[in-house]
Structure formats: structure tokens, C-alpha cells
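Below you'll find the structure, written out as C-alpha cells, and then a few comments.
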Amino acid sequence: MRLAVLSGKGGTGKTTVAVNLALSWAPYRKTTYVDYDVEEPNGFIFLRPQIRDTSTVFLPYPEINKACTFCGKCSEACQYHALAVVGGKVLVFPELCHGCGTCGIVCPVGAVDEVERPLGKIDEGERDGLLCLQGVLKEGESLAGPVIRGLHRREKEHSSSLEEIIVADCPPGSSCSVIHSAEGSDLAILVTEPTLFGLHDLKIAVGLMREMGLDFGVIQNKDDQGTLIQEYCAQEGITLLGSIPFDLEIAKIYSRGQSLMQDRKWNDLFKTLGERIVTEVKQRKTEGEII
Amino acid sequence: MKQMAIISGKGGTGKTTVAAAFAELAEQMIVADCDVEAPNLHLVLAHHVKKEAEYVGNQTARINLSHCTHCGRCEEVCRYDAVSEKVQAVEGLQGETVFPYIDSKRCEGCAACVYACPTQAIQLCPEATGKVFLSETNVGDFAHAELYLAADGSGKLVAEVRRLARDEARCQNKAVLIDGSPGIGCVVISTITGCQQVLVVTEPSQSGKHDLERVLKLTAHFRIATQVIINKWDINIEVSQEIEDACSQSGVSVVGKIPFDPMVPKAIALGYPITRYESPAARAIREIWAKISPVLTESSGGQQLSS
Numbered sequence: 002m003r004l005a006v007l008s009g010k011g012g013t014g015k016t017t018v019a020v021n022l023a024l025s026w027a028p029y030r031k032t033t034y035v036d037y038d039v040e041e042p043n044g045f046i047f048l049r050p051q052i053r054d055t056s057t058v059f060l061p062y063p064e065i066n067k068a069c070t071f072c073g074k075c076s077e078a079c080q081y082h083a084l085a086v087v088g089g090k091v092l093v094f095p096e097l098c099h100g101c102g103t104c105g106i107v108c109p110v111g112a113v114d115e116v117e118r119p120l121g122k123i124d125e126g127e128r129d130g131l132l133c134l135q136g137v138l139k140e141g142e143s144l145a146g147p148v149i150r151g152l153h154r155r156e157k158e159h160s161s162s163l164e165e166i167i168v169a170d171c172p173p174g175s176s177c178s179v180i181h182s183a184e185g186s187d188l189a190i191l192v193t194e195p196t197l198f199g200l201h202d203l204k205i206a207v208g209l210m211r212e213m214g215l216d217f218g219v220i221q222n223k224d225d226q227g228t229l230i231q232e233y234c235a236q237e238g239i240t241l242l243g244s245i246p247f248d249l250e251i252a253k254i255y256s257r258g259q260s261l262m263q264d265r266k267w268n269d270l271f272k273t274l275g276e277r278i279v280t281e282v283k284q285r286k287t288e289g290e291i292i
Numbered sequence: 002m003k004q005m006a007i008i009s010g011k012g013g014t015g016k017t018t019v020a021a022a023f024a025e026l027a028e029q030m031i032v033a034d035c036d037v038e039a040p041n042l043h044l045v046l047a048h049h050v051k052k053e054a055e056y057v058g059n060q061t062a063r064i065n066l067s068h069c070t071h072c073g074r075c076e077e078v079c080r081y082d083a084v085s086e087k088v089q090a091v092e093g094l095q096g097e098t099v100f101p102y103i104d105s106k107r108c109e110g111c112a113a114c115v116y117a118c119p120t121q122a123i124q125l126c127p128e129a130t131g132k133v134f135l136s137e138t139n140v141g142d143f144a145h146a147e148l149y150l151a152a153d154g155s156g157k158l159v160a161e162v163r164r165l166a167r168d169e170a171r172c173q174n175k176a177v178l179i180d181g182s183p184g185i186g187c188v189v190i191s192t193i194t195g196c197q198q199v200l201v202v203t204e205p206s207q208s209g210k211h212d213l214e215r216v217l218k219l220t221a222h223f224r225i226a227t228q229v230i231i232n233k234w235d236i237n238i239e240v241s242q243e244i245e246d247a248c249s250q251s252g253v254s255v256v257g258k259i260p261f262d263p264m265v266p267k268a269i270a271l272g273y274p275i276t277r278y279e280s281p282a283a284r285a286i287r288e289i290w291a292k293i294s295p296v297l298t299e300s301s302g303g304q305q306l307s308s
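Chains as they are written, first to last, in the working numbering: chain A, 2 to 292; chain B, 2 to 308.
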């Protein structure tokens with residue numbers, strides 16, 4: 002089964018939930034943790050996997066060869082203004098290029114060759130039987146999409162049955178990066194916090210899940226015993242999968258970059274939460290089949 | 002006209018708390034919420050909308066199936082896996098047939114299929130991606146936006162919010178204060194380009210530190226003067242020190258530290274900037290503002306670039 006962990010608002014505890022759930026499952030079933038927050042990946046800080054493979058993600062961009070007649074069709078067709086024909090010269094701006102290949106399609110004389118530039122990388126590692134993947138966008142680069150797509154392909158090489166678990170730690174926000182990280186999941190876990198900001202952005206995430214037609218449930222982090230999130234979930238008929246208390250001890254363990262699983266109390270909490278989620282997914286699957 | 006953006010790398014470090022406080026302390030600035038995917042500033046800035054407009058910020062390819070010869074070129078050239086075969090009913094044809102289908106959520110509007118199609122059956126169609134608002138607050142005008150659900154192109158919507166804020170700032174001869182989003186990709190790049198000053202709000206955790214290092218590389222890449230605020234600095238004094246050391250090594254100044262303060266979430270819950278209250282965090286933010294505000298009011302030049 003594939004589980005996506007997302008939130009809308011940043012800093013609500015996506016990585017905490019994704020990492021500790023992955024660690025809670027790993028001793029019992031084949032589990033893969035994938036960090037899709039390629040702009041700011043943090044999961045590996047807590048998991049500290051032994052990296053066994055790093056591959057570069059490349060993006061193609063055009064290089065104009067001698068056959069060019071400076072007709073200007075490439076620059077006219079490019080939607081990203083990555084090409085300009087100026088006085089018998091074609092200027093290429095690789096940092097604006099999305100690597101779509103349109104210039105090559107429109108060139109009537111085959112003057113467009115493609116070369117590649119590095120955009121980011123994908124790391125693969127392991128920790129105590131837990132397979133760990135992360136995508137990392139190079140600083141200064143704007144396109145997270147190709148790194149996310151590359152990571153998706155890599156994840157599929159380790160494709161899982163219902164008994165195996167893939168945990169996708171998604172980026173914050175509600176953009177195409179989130180959609181592409183979450184799609185294809187059996188369940189999306191929306192991590193929120195009981196603040197006005199948390200609730201506002203949870204509503205955006207819920208809307209996005211409904212638009213995508215993805216099954217989802219909510220985990221309340223930094224639970225302060227208030228009723229803000231509970232009331233909203235009850236009103237909307239959303240499953241509250243569990244809560245993690247507001248606790249300065251958790252904040253301190255987190256700030257040191259450690260997982261919570263070393264502590265008996267939090268270990269128990271994530272194990273219970275993990276079992277609940279697996280049961281939930283299987284139950285929804287069976288219900289879906291009956292319907 | 003000066004522009005300052007508040008960003009963070011890591012989410013949830015306190016960008017909006019700081020932005021709302023600055024907006025109130027400055028009193029007269031144009032404020033822009035560029036976190037269009039998860040905007041929160043409007044929740045703590047009492048405002049009423051003066052102007053709103055739909056923003057057409059994207060285009061996606063659409064097939065006129067009655068012209069389609071089913072040659073498969075569109076699927077072949079698409080590098081975003083947006084084209085697939087699908088059973089569809091087509092006007093003028095009996096029953097249902099398999100035809101190419103373009104998934105608008107995957108389509109990047111690159112036009113490769115448009116040019117590749119031998120029968121000109123594909124066109125790019127403009128798409129509204131959100132709404133932009135200009136609102137009035139008691140501390141100045143406020144530009145913000147709402148991204149439509151699952152719409153692509155948040156970077157362009159950010160650019161539109163900034164354009165709106167800039168136009169107002171020019172008319173009113175004011176500076177622009179921008180509340181940004183987490184990350185370092187296209188949305189953040191769209192948020193900071195052309196700014197004279199970037200403020201990075203971080204927190205004393207290994208994640209915060211890691212993400213700060215990536216943000217500093219980003220602002221160095223674009224050569225924008227950058228200063229750092231450590232929020233909740235006393236949650237982990239050791240990591241705070243590590244961040245200060247890392248900053249001083251890369252020549253970036255830590256302009257202030259805000260203590261952990263239970264009054265901050267309370268103020269948010271009440272819908273007010275923290276500076277409405279007498280509290281340790283509010284005091285720290287006032288001190289920071291006193292140091293930073295001259296950059297926005299200076300007539301020319303601004304801070305030296307950090308690298």
C-alpha cells in the first residue's frame with residue numbers, strides 16, 4: 002500500500018509522522034520511506050540511512066547546431082522564452098528551459114540537438130531494513146517537477162503489494178508538486194495542528210484530496226486537548242486517525258534530529274497509530290470491493 | 002521602491018507571525034502574502050477586499066477529437082505523461098472509441114503536442130488559476146491571492162500578487178513587505194527576485210538548520226542581501242549557537258532571536274499580530290524591526306550584498 006503524508010501548512014509535523022510511522026512498520030513488513038519534499042528534504046536527518054546509490058537527475062535543453070537558418074520558429078514556439086534569435090545568433094537560456102522538446106519538434110532543418118544539465122539528485126539508502134529514498138533539488142534551480150518524476154519512477158522499481166508499505170513524505174503547499182507526490186496513494190494522511198493557520202490550510206488540503214479523488218484521514222499533531230480540529234473533522238465526516246500530544250520533550254528530541262522511536266512512550270504511540278492506519282486502508286479496500 | 006521578503010526554507014518556523022508584526026509596526030507599507038498555496042496572513046490582518054480579479058495564469062492543451070486521426074504523435078512527444086488513450090464518446094462518431102486524452106493536471110502547457118499534431122487538432126487554452134485581491138487594512142494596503150484547487154502555476158500567481166503590490170507601492174510611494182512560502186523552488190524564486198532584502202526565519206532544530214543552509218545558497222545565487230532571525234531560539238540553545246556560527250561563517254548576520262512564547266499561538270487564535278500584546282516575543286520582534294526598518298526607508302542603495 003502507498004501512503005502519502007501531507008499537510009498544506011508547513012511545519013505541522015509531516016516528516017515526524019512519516020519517519021516514525023516508517024520506523025514503526027519496518028521491523029514487521031517491507032517498508033520504503035520516500036522524501037518527496039525535494040526543495041527541503043529532511044527525512045534523512047532523522048533516519049540517517051547508509052547511502053548506497055546516488056544518481057543525478059538531468060534536464061535536457063537545446064543546443065543549436067550549424068544547420069540553423071535562424072528562421073526563429075523555435076523561439077516563437079517556446080512557451081518559456083528560453084530561446085531568442087538575435088541578429089544571426091540563437092541565444093539559449095538553459096535556466097528558463099523546461100526540457101519539453103518543442104523547439105526540436107518545430108525546427109524545419111534539424112538544427113536542435115539536446116544536451117543535459119544536472120537539476121538535482123536521487124539518493125537511495127537503507128537503515129535497519131528500511132529502504133530510504135530522497136530527491137534533492139539543486140539550490141538555485143526552480144523546477145522541482147523533474148526531480149519528483151524521477152523519484153516516482155525510482156519508487157515504482159520497488160513497487161509494493163498491499164502488504165508492503167511505501168510512505169511518501171510530501172512537500173507543503175497545494176501545488177503540482179504536492180499533487181504529483183500524492184497521486185497513486187491508497188490513503189493520504191493529512192497532518193495538521195490545532196491553530197487557526199493549521200485548520201485553514203487543512204481545509205485547503207482536504208479540498209485538494211477531494212478534487213483528486215484520493216482517500217484521506219487526519220492526524221492531529223501538537224494536540225492541546227482543544228476541540229478545533231475534532232469539531233471540523235466531525236462536521237465534515239473526516240476520519241481522525243490519531244493525535245500526537247503537544248509536548249516540549251517531543252520538540253526537543255525533534256530539534257536534535259532524532260527519531261521518537263527510541264523513547265518507549267512515543268514508540269508505543271506510533272506503533273498503535275501505524276496499526277490503525279494499516280487496518281483503515283485494508284478496511285476501506287474491502288469496503289470498496291464490496292461496493 | 003524597496004521590497005523585502007520573509008522566507009524560511011522549512012515551513013512553520015514563524016514567517017507569518019513575523020510578517021504580521023512588521024506590518025503593524027511599520028504602519029504604512031504595502032503587504033503581500035506570496036504563500037498562495039497556504040496563505041495565512043489574512044487571518045491575522047483585519048482587512049476588507051477593495052478589488053478582486055481572476056487571474057489567467059496557465060494554459061493547457063485540448064484536443065478537438067473530431068479532427069484527430071489517432072496517429073499517436075501527441076502521446077509520443079509529451080514528456081509529462083499527460084497524454085493517454087481513453088475510451089471517449091466523440092461528436093459525429095457512433096458509439097465510444099479510443100482516443101487520446103490530455104490530463105490537464107499533468108499538462109505543462111509546453112505546446113509540444115500542438116506543434117507535433119499533423120492535423121492541428123490540438124490547441125492551448127488559457128486557464129484561470131486563482132484570484133488576486135487588493136484589500137484595505139488599518140496598516141496599509143494588502144495584496145493576496147487564492148489559488149484554485151489543484152491549479153498549476155503558483156509561481157505565476159505569486160508574480161501577479163507582487164505586481165499588484167508593486168503598482169500600489171509606486172503610486173503611494175511606499176515599501177513592500179512580502180510574506181513568503183516554504184521551500185527553495187520556483188515559488189520562492191518568484192517571491193524573492195528583485196527584492197533588496199530577504200529575511201530568513203529559522204528555528205533551532207537540525208531540520209531548520211539544514212533548510213536554512215539551502216535557503217542561504219539560494220539567496221547567494223541570486224545575490225540578494227540576507228539576514229536571519231532565529232525563532233523560538235531557546236527551545237534548543239545548542240542548535241541556536243550552531244546556526245549563529247554557520248551564519249557568521251558564511252557572512253550572514255543574525256539580526257535577532259525570538260524566544261519561545263505561549264502568547265504567540267494565543268494571539269493567532271485571537272486573530273491579531275503578536276505586537277498587540279506585551280510579551281517576550283513581541284519585544285524581540287520590535288527590537289528586530291528597529292534594526293531592519295531603515296533598509297526599507299533608505300532612499301537608495303540598500304544593504305551590501307552578502308555572498
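Glycine included, every Cβ here is placed at the ideal spot set by N, Cα and C.
Residue burial annotation: residue 109 of chain A is exposed, with fewer than 16 other C-beta atoms found within 10 angstroms of its C-beta. Setting aside the 5 residues that flank it on each side, residue 35 of chain B is surrounded in the same chain by 159, 162, 179, 181, 192, each with a C-beta closer than 6 Å to its C-beta; the list follows chain order.
Cβ-Cβ separation between residue 185 of chain B and residue 215 of chain B: approximately 5 Å, consistent with a contact (criterion under 8 Å).
Where residue 65 of chain A is concerned, the enclosing beta strand (DSSP E) starts and stops at 51-65.
Residue 235 of chain A has no beta-bridge partner at all, per DSSP. From the beta-carbon of residue 180 of chain A, the residues of chain B found nearer than 7 Å are 106, 151. Here residue 169 of chain A is buried. Its C-beta has 16 or more other C-beta atoms within 10 Å. Taking 7 Å as the Cβ-Cβ cut-off, the segment 245-269 of chain A approaches chain B at 252, 253, 255, 256, 257, 258, given in chain order. In the DSSP secondary-structure assignment, residue 130 of chain B is not bridged to any residue. By the criterion of a C-beta distance shorter than 8 Å, residue 91 of chain A is surrounded in its chain by 65, 69, 71, 75, 76, 84, 85, once the five residues flanking it on both sides are discounted. For residue 46 of chain B, the closest Cβ of chain A is not nearer than 8 Å. Per DSSP, residue 116 of chain B lies in no beta strand (DSSP E); the unbroken alpha helix (DSSP H) holding it starts and ends at 113-117. In the displayed model, residue 270 of chain B falls within a helix according to three-state DSSP. Using a 10 angstroms sphere on the CB of residue 87 of chain A, the tally of other CB atoms stays under 16, which defines it as exposed. Beyond the five residues adjoining it in sequence on each side, residue 53 of chain B comes within less than 8 Å, by CB distance, of 132, 133, 134, 135 in the same chain, given in chain order. In the structure shown, residue 177 of chain A falls within a helical segment according to DSSP collapsed to helix, strand and coil. When 7 Å is used as the limit between beta carbons, residue 194 of chain B is near no residue of chain A, the shortest such separation being about 10 Å.
The beta-carbon distance between residue 260 of chain A and residue 20 of chain A, rounded to whole angstroms, is 6 Å. This is short enough to meet the 8 Å contact definition.
In this chain, residue 196 of chain A is not harboured by any beta strand (DSSP E), its DSSP state being neither H nor E. Not flagged as an interface residue toward chain A: residue 229 of chain B, since no C-beta distance is shorter than 8 Å.
If the five residues before and after residue 206 of chain A are omitted, its C-beta is found closer than 7 Å to the C-beta atoms of 7, 8, 9, 175, 191, all from its own chain and listed in chain order. DSSP links residue 3 of chain A through a beta bridge to A:167. Going by C-alpha positions, residue 257 of chain B is about 33 Å away from residue 148 of chain B. The continuous beta strand (DSSP E) containing residue 51 of chain B extends over residues 48-64. The Cβ of residue 73 of chain B sits no closer than 8 Å to any Cβ of chain A.
Runs of alpha helix (DSSP H) with 4 or more residues, each lying fully within the segment 83-107 of chain A, are found at 103-107, listed in chain order.
Neighbours of residue 80 of chain B in chain A, taken as residues at a C-beta separation under 8 Å, are given in chain order as 100, 101, 102. Membership of residue 168 of chain B in the alpha helix (DSSP H) is indicated by the continuous run 155-173.
For the segment 184-260 of chain B, the full-length alpha helix (DSSP H) segments reaching 4 residues or more read 187-193, 207-222, 238-250 along the chain. Residue 21 of chain A: member of the alpha helix (DSSP H) spanning 15-26, first to last residue. The Cβ neighbour count for residue 274 of chain B, taken over all protein chains shown within 10 Å, is at least 16; the residue is labelled buried. By the 16-neighbour rule on beta-carbons within 10 angstroms, residue 16 of chain A is buried. When DSSP reads this structure, residue 143 of chain B sits in a beta bridge with B:32, B:136. For residue 246 of chain A, the CB contacts under 6 Å within the same chain, skipping 5 residues up- and downstream, are 224 in chain order. Taking 8 Å as the CB threshold, residue 215 of chain B lines the interface with chain A. Residue pairing for residue 221 of chain A: DSSP places it in a beta bridge opposite A:193, A:244.
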